[in-house]
Structure formats: structure tokens, C-alpha cells
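Read in order, the letters of the sequence shown correspond to residues -22 to -1, 1 to 579 in mature numbering (1 follows the signal peptide of the UniProt record, and there is no 0). Idealized CB from N, CA, C, for every residue including glycine. Remember, predicted model here, so these are calculated numbers, not experimental data.
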Amino acid sequence: MMMRKALILLFLLTYPFQVAIAQEEEPSVWETIWVMIFGADEKSDKQQDSEETSQKGALPSTLQIGDWPVVSFAQDHAAVREDIGEIVVPVTKSLSNGRRVSVRYRLEPSTALANNVFDLGNGLLAFEDGEQSKDIRLKLLDDDVYAPGQTLRITLTDAIGTEIGTSVIVIDVTENDRKPEPKSAPGELSALPVAVDFGEIKSGLRAERSVKITNVGQSSIYLNRVDETADNISISASNCVGTTLLQNTSCSVDLSYQAGLVPVDGELLVTGETNNGVINQALVISVPLSARVLPEKKKNSATLDAREELIQRIIAERNQAMPSTISTVEIPAPEGPKKYRMSQEDISDENSPGRRVFDYPVDLSRVITTIQEIPCVTQKTINTQLEGTISCKIESPVMGFHAVRHGKALVLLEPETWAEGDYTTLDQQGDTRINVAWKRFLRPDGSSLYLSNGFPAEDAMGRMGLHGPVDNHNFEKIVSPLLLSGIVATGTELLSVGDDYLNSASQQIMVDGTTRVVGEMLERNMDLRPIMTIPVRTRLLIKPTTDLYFKETEIVPFTDSEGVIAANDNLKEKDQGNQAASSGDSSSNGTRSLAAQATKY
């Protein structure tokens, strides 16, 4: 029995045979083996039904087992550039079997960024009888993103009527975009020491310190400014300003403190710029500065040297100067926030004849100087046919020359402050500007300033005087005489018809009268002065001709007359005390300042 099965198996492997296949249903393997062993005469019922079906119209076909066509890729690996535009992948069929065969292909990325590059999808390749090659065409998207190492994988599947040989091809895409520069962390400034304390210094002596500025970040830093907010401090930063600090490089800032009458309370500020590979970034590092002044023993006036004596005399003269009053409330000026000493080593003209020496350094946060301008907006229309008054309102805060000092901003003229002045008329033909003299300022808190001379006005461009549309009376001066002359000429022409003697006399009378009237009109109209109109809401500038000093005021409201009398007595006592204290310890902020300061209630 075993021998018989072996002989049957050997016969199946070596002997070529044909199998009839019906169009609708193929015979099973066992039915085919039955035909080979027992012959075609002994057929099963199923085979007989199949033959009957063939006789009725089915088209049987035969294939030779072992001669199937093979569909495969020409190669299993390829490489292309990203900017090639289209990829052509050939697929070949080994032989023809007289039938149409087909195979499906599937596209899939092998890297994460492939979806941004490839036009993915699936497809079907159908080979007709006699076709030996087909192409798979893929659209390759050329983007601007640098993404190296991108690959595409194509797989052949679902073969019909054929076998699959090399079923997978891997395509490497070479990146053509420029590799971006690596991002780096921005630079970072550090200071050593983190705070500078000069300690207790005797007045008149000098102390020096040094601060080391280091770039502890990765990117370079360009230092563009070194400054300080303390008084009596001088800095030397020539090796820092304008220097580019690379990573872990440093520069030094030298500080020198000349001990004065007040302690030091400020900061050392170092500013720079850095770049992290994308944008520029501003950097600021702050180092607190502090110092204390030891009290100095008072010296006898006889032992003072010439320099100290000169300083004391200048201070006394300033404190004895009469103050100007711009407020209806007369309150003595308090001591300034800072006291200053001379900044020059020697102010004697004997050592340097002919030179000019700067005065004390003065805190101008409470002073509006002649260099500044005060903007305001007119509140009514101006017509210069007659002289009159003009009023305007300040709509933005006006600060002193030192807008921000000692860590706070002082607003000297608040919004809603009114200014009042007088304007002139245009004198003659050709004048295009009028002059304005501002005589009074009135602040919202009630304090006011009266100016005897008046401040001039400028237009928004800073030109002296105000300008606007001008009426030069051209109609009255030119058109009216011409019109009258035309009327007289027409009448004279009409009188020329008729008696020559009478007409001639009438014409002469009309001409003489017309000449006289026209002459009077011309003489009267030539004296007409031009008229300028300036509309409401015109922006202009008030130009101070003297410095305005503002001082703090403190008004305590009372509801009864006794309280008012008590407040006035208190103010008088304070004023007498300030007049008696005109010594070297007084403030050196110039002359006694004015009284239009922000009122405290």
C-alpha cells in the first residue's frame, strides 16, 4: 500500500498533464488526480456535469502547471532627489500566458515626515496579453522644510493570474533644502559683586569700586550703554561700552564716589543686545549702589579755606534771593530732595583766566526751562479784525527738564490747565502771522501764574507766531472800482446818442464824478487791513522766555474762619523759620522756586 502511494506521487511530480477548467467552476484537486489514475472514462458525476456545461457554451481554458508568469520590481532599492518632480518605478512581467493578469500596489512612508513630501495612495497594474512592463508614476512634492532621511516603500499585493517576484522596493529621497542653523540659548549678563556698598565715607573724600560684567549665556552680547542713577557717582566703562562679550568673557566698570552731603541711593545699569539665532533681545542688568556719609564737624569761619568760603557765599546769596510768586498761596519752599556741592576741582579764574565755569549741578525735575515748549489747543475761533484775548487748554502732562528723577515723574502742568493771552491784528498787506502774548496760567488745583511780559506763541511746527487763512479785501480794493468804472462807461456810451453839445457836457460831468468817486474808493479801500481767521482746536506751542520754578505746596482746608487764621499763622511761622536758616546746609537748587506745585490735601 505504501509503495503504491509513492509511485502515484512520483508520477504527479514528473509527468506533465492537463486539467480541464470550466468557466464557472474549477475541478478540485482530488478530481484531477482521479482522472490521471483511472482514466477519463471513469468520471465522477461532477465532471460529467462540467462537460455538459461546456457543451452548452462555456469556454474552457487550460494552463500548464509550473509555467505561471511572474510580476516583480526591476530592483529592490532606488534613490532620487527631492526636486525631481516625478518618480517612475518600472514593474515587469516574465512571460505571457494568454490571459490578462493584474497586481495591486500600495504606497506607504517609511519616515515620519514622508506625508509632507509624497503623494501617497494605492493603485492597480493590469497587464494585457503580450505586455511585459508597466510603470508606477509618483508625484514628488518639493517643500521648503529641511527633513533628511526620508524614504518611500512600495509593495505589490493581491496578484490575479500571476505570481509576485520582488514585491517591495524602497526609494530614498535626498534632501535639497538648506540645513537651518542650530538655535542657541541667548546671552545672559551677570555682575560681580551683585551690589556695591561704598560704606561710610567722610564728606569730601573719594571711594572707588569695580564691578565685573560677565556673559554667562551661550550667545554673544553687544553692550551699548552703561549708566547710573545715583548722585556724585562717576563711572569709567570704556572697555565695556561698544564691546561684544562672547560666552564666559567679561569687562569691568570702575565706579568713583565723591562723598557729598547726602548718602548714595541708586543703581548701576548695563544694557545690551543678544541674539538667539532668531530675534534680537534686549538685556538689562541692575547693580544697587549705596553709601553713607559721616557727619562732618562744623568749622570756624576763620579756618575755612578759600574754596569752602566761596561755596558758602554762593549758597547764602541763593537762599537770600527773593522768590517769585505764581500762586495765590504764599508758602515757603521746603528743602530740595538732594544737596549738591561744586563739581569742579578749582573754580578760580586766577588759575585759568578767561574760562567760563558751570554752576552747581541742579535738579531740574521741578523746572520748566526756556528750552522746552508747552503744547496746548485753542478753545475758540480767533478773528483779527479787532484785538482780543485767546485761551487754550493743555491736554497732555507737562514735566520738568528732568522728567524722571529719583525714581518718580513730576507733572508740573496737568491736563486741563488753562492759558490766557492777548493777540494782535495784522498791520499791513503781506502780513501772514499774528503775535500772541500769554499772560496767565491757571492750573486745575487753583494755583495761577501771572506774566508781566508774556510768553510768545509758536505754531505746531515751532515757527514764531500763529498763521491762518487771510482775507486781503481784494474785492473791495480791485473789483468794486472796476465794476463802477464799467457802469459809468456804459452810461457815457448811451449819452453819446443825440445832441452832441448836451451829450458832451453830460459825458464830461459823469466822467469827472466817476473819477472822483473811484479815487475816494481806492483811497479808502487801500487802508483796509487784512483779517486772519484761526479756527477752534488749533494746536500751538507756548514758548517760555524765562525758567519756571515749581515748588511743593501743602494746603490744609478748614471750614471756619478760625481754622483759616490758624493755617495762615502756621505758614508765617514756617516762612520765618526758613528765612532764618539760610546756611551752608540749605538746598542748592538755585533761586527760591515758585509755588505752583502739585497740591497735597
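CB Tyr83 to CB Thr129, shorter than 8 Å?
No.
So for Ile349, helix, strand or coil by DSSP?
DSSP places Ile349 in the coil class of the three-state scheme, outside both helix and strand.
Could you tell me which residues DSSP puts in a beta bridge with Asp449?
By DSSP's assignment, Asp449 forms a beta bridge with Ile509.
Name the residue from Leu462, Leu391, Thr410 whose alpha carbon lies nearest to the alpha carbon of Ser426.
Distance check between Ser426 and each of Leu462, Leu391, Thr410 places Leu391 closest, using alpha-carbon atoms only.
Ala438 versus Cys370 - alpha carbon distance:
So the two alpha carbons sit approximately 14 Å from each other.
Residues of its chain near His445, where Cβ-Cβ distance is below 7 Å and the 5 sequence neighbours each way are ignored
Non-local beta-carbon contacts of His445 in its own chain, meaning distances under 7 Å to residues more than five positions away in sequence, involve Thr410, Arg411, Asp437 in chain order.
So, under 8 Å CB-CB, Tyr200 and Gly250 are touching, yes? Tell me the CB distance rounded to an integer number of Å.
About 6 Å; that satisfies the 8 Å criterion.
Answer yes or no: do Arg131 and Val146 have a C-beta to C-beta separation smaller than 8 Å?
Closer than 8 Å, so yes.
Length of the line joining the Cα atoms of Val265 and Lys180
So the alpha carbons of these two residues sit roughly 23 Å apart.
Exposed or buried, Arg187, counting other C-beta atoms within 10 Å across all chains shown (16 or more means buried)?
By the 10 Å Cβ count, Arg187 comes out buried.
With H, G and I counted as helix, E and B as strand and the rest as coil, what does DSSP make of Leu364?
Leu364 carries a coil assignment under DSSP once its states are collapsed to helix, strand and coil.
Rounded C-beta distance between Asp525 and Thr403? I'm assuming under 8 Å.
Contact flag wrong, Cβ pair sits at about 31 Å.
Who are the Cβ neighbours of Ser330 in its own chain at under 7 Å, not counting the five residues just before and after it?
A caution first: Ser330 carries a pLDDT of 48, below 50, which makes its placement in the model unreliable, though a value can still be read off. Here the set comprises nothing.
Note down, in chain order, each residue of its chain lying with its Cβ closer than 6 Å to the Cβ of Val48, except the 5 sequence neighbours on either side.
Closer than 6 Å at the Cβ level, and outside the excluded window around Val48, lie Ser72, Glu141, Gly143.
Skipping 5 residues on each side, what residues in its chain have a beta carbon closer than 7 Å to that of Glu106?
Arg78.
Assuming Ser198 and Thr252 form a contact by the criterion Cβ under 8 Å, report the distance between their Cβ atoms to the nearest whole angstrom.
Confirmed, about 7 Å.
Tell me the residue span of the beta strand (DSSP E) that contains Asn75.
From DSSP, Asn75 is part of no beta strand (DSSP E); its letter is neither H nor E.
Given Thr516 as reference, the closest of Asn210, Asn431, Cys354 once Cα atoms are compared:
Looking only at Asn210, Asn431, Cys354, the smallest Cα-Cα distance to Thr516 is reached by Cys354.
How big is the Cα-Cα spacing for Asp400 and Ile360?
Each residue's Cα considered, the two are about 11 Å apart.
According to DSSP, simplified to helix, strand and coil, what is Asp405?
If DSSP states are grouped into helix, strand and coil, Asp405 belongs with coil.
Return the first residue and the last residue of the beta strand (DSSP E) that Tyr124 is part of.
First-last for Tyr124: undefined, no H or E at that position.
DSSP on Pro266, reduced to helix/strand/coil?
Pro266 sits in a strand when the DSSP states are folded into three classes.
Which of helix, strand or coil does DSSP assign to Lys358?
Residue state, collapsed to three classes: coil.
Determine the contact status of Ala173 and Gly195, defining contact as a CB-CB distance below 8 Å.
No, they are not a contact pair.
Could you pull the DSSP bridge partners for Met442 from this structure?
According to DSSP, Met442 bridges with Glu436.
What does the alpha-carbon distance come out to for the pair Thr207 and Val240?
Distance between the alpha carbons of Thr207 and Val240: 14 Å.
On the three-state DSSP scale, how would you describe Gln110?
Annotated three-state conformation of Gln110 is coil, per DSSP.
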